[in-house]
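Residue numbers (my numbering), protein chains in the order written: chain A, 21 to 209; chain B, 21 to 209. By construction, the Cβ of each residue, glycine as well, lies at the ideal position given by its N, Cα and C atoms. Have a look at the structure below, then the notes.
Protein chains: 2
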Amino acid sequence: MRRVAVALLHHPVLDRQGEIVTTAITNLDLHDIARSAHTFGLLDFFVVHPVGAQRELANRVREHWMTGSGARRIPDRTPPMRTLRVVDSLGAALLALGPERVEIWTTSAKSGGAPALGYGEARRLLQEPGNPVLIVFGTGWGLAPEVSGKADRILEPIVSPRADGYNHLSVRAAAAITFDRLFGVRGAG
Amino acid sequence: MRRVAVALLHHPVLDRQGEIVTTAITNLDLHDIARSAHTFGLLDFFVVHPVGAQRELANRVREHWMTGSGARRIPDRTPPMRTLRVVDSLGAALLALGPERVEIWTTSAKSGGAPALGYGEARRLLQEPGNPVLIVFGTGWGLAPEVSGKADRILEPIVSPRADGYNHLSVRAAAAITFDRLFGVRGAG
Chain A
21 MRRVAVALLH HPVLDRQGEI VTTAITNLDL HDIARSAHTF GLLDFFVVHP
71 VGAQRELANR VREHWMTGSG ARRIPDRTPP MRTLRVVDSL GAALLALGPE
121 RVEIWTTSAK SGGAPALGYG EARRLLQEPG NPVLIVFGTG WGLAPEVSGK
171 ADRILEPIVS PRADGYNHLS VRAAAAITFD RLFGVRGAG
Chain B
21 MRRVAVALLH HPVLDRQGEI VTTAITNLDL HDIARSAHTF GLLDFFVVHP
71 VGAQRELANR VREHWMTGSG ARRIPDRTPP MRTLRVVDSL GAALLALGPE
121 RVEIWTTSAK SGGAPALGYG EARRLLQEPG NPVLIVFGTG WGLAPEVSGK
171 ADRILEPIVS PRADGYNHLS VRAAAAITFD RLFGVRGAG
């Protein structure tokens, strides 16, 4: 079983027009993705933001649930918040996960040109010994090409069964589904 | 294929001590569950709240994305918001889905006494002809016994692969995973 971490990237990501932007941190992303990551056994959740004030905000949220009144009120929130690591760049997340070479697995709502990795094969690959893996989710309208260009693997998009193909999941929902597909316990039924 | 809807219940639900309470609406629940439900082909998302002012809040959020400035800014949000129906009780949701008898399928993070329905079998049941199904999610610390007692089926809990069994998913994450398990397109990989 490889060490698997998740990163939520706020820069460089795309806006609706395809321009490269920096998005703001959404408080509930921190909670939801930390809880989903921890439930499915991931050890690290990197929140990546280049702006110091935004990183401070994320660290304050973390502290509230680690040692503040949140920790006393709802102690179940403390273990997932322990996985949260706030860094200024994707490179910093890779360094923190090292010293081995870390594989970058990107996610996207759209099929790209490169062949994507199916979840069944991905599950198998993660069970085998190997280098750590960082699964990267974008905010806004998705990862900038300079990030997707660094991908060792591109996970299959989560496809809608609808005839019109509508798929606009929140990043919170997409992350939960991805972790379940990669690590979820499947019953016999 | 049966008509499948989802309900998010704010009353009667349990608090941490197991008392029956009414929870407040979380704005992002409306967005996330509407987007996940619509992506996976569900036609109706009932938000159930007994308090008029809370229903009004949910309807205002809906209007913002249906006809307000939200609809102009991010038109992709409009189709999911169309599925949102704000009602005062679970009974009202069942009536709105009728006139046929509606099956109630409940969800829970914990295994109960009754035998649970696995997702593989649930997928098959939903593809067959039959009565409409309402999948019910609780807020707070889960559905009150008077609701779970009405269940025609109880969906298997989403189980953690962790040794300590920690599973505290947000209701937004649990709903996304449930829809994916019931309706998600599985690649060959």
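| Asked | Found |
| --- | --- |
| Chain-ordered chain B contacts of residue 187 of chain A [CB-CB under 8 Å] | 59 |
| The alpha helix (DSSP H) enclosing residue 81 of chain A, as first and last residue numbers | 72-86 |
| Three-state secondary structure (DSSP) of residue 178 of chain B | coil |
| Residues of its chain near residue 78 of chain A, where Cβ-Cβ distance is below 8 Å and the 5 sequence neighbours each way are ignored | 45, 50, 67, 69, 104 and 106 |
| 3-residue-minimum beta strand (DSSP E) runs that sit fully inside the region 133-197 of chain B, ordered along the chain | 153-158 |
| Under the three-state DSSP convention, the category residue 63 of chain B falls into | coil |
| Which of helix, strand or coil DSSP assigns to residue 53 of chain B | helix |
| Where the alpha helix (DSSP H) through residue 97 of chain A begins and ends | First-last for residue 97 of chain A: undefined, no H or E at that position. |
| Beta-carbon neighbours of residue 109 of chain A, restricted to chain B and to distances below 8 Å | Under the 8 Å cutoff, chain B gives no residues; its nearest Cβ is about 27 Å from residue 109 of chain A. |
| Nearest neighbour of residue 192 of chain B, chosen from B:139, B:129 and B:183 [CA to CA] | B:129 |
| Short-range partners of chain A found in the region 59-80 of chain B, where Cβ spacing is below 7 Å | 59, 60 and 61 |
| Three-state secondary structure assigned by DSSP to residue 129 of chain B | coil |
| 8 Å Cβ cut-off: residues of chain B touching residue 55 of chain A | 188, 189, 190 and 193 |
| Cutoff 6 Å; reference residue 27 of chain A; Cβ partners in own chain excluding five residues on either side | 66, 68, 113, 154 and 156 |
| Inter-residue Cα distance where the pair is residue 209 of chain A and residue 139 of chain B | Bear in mind that a pLDDT of 46 at residue 209 of chain A, under 50, signals an unreliable position, so the model cannot answer this. |
| From A:110, A:141 and A:82, residue whose alpha carbon lies closest to that of residue 54 of chain A | A:82 |
| Distance CB(residue 42 of chain B)-CB(residue 58 of chain B) smaller than 9 Å | no |
| Cut-off 7 Å between Cβ atoms - residues of its own chain near residue 90 of chain A, not counting five sequence neighbours on either side | 84 and 97 |
| Beta-carbon proximity of residue 23 of chain A to residue 148 of chain A, cut-off 9 Å | no |
| Chain B contact residues for residue 180 of chain A, given Cβ-Cβ distances below 8 Å | 59, 60, 61 and 205 |
| Against chain B: residues of the region 36-49 of chain A by CB proximity under 7 Å | 48 |
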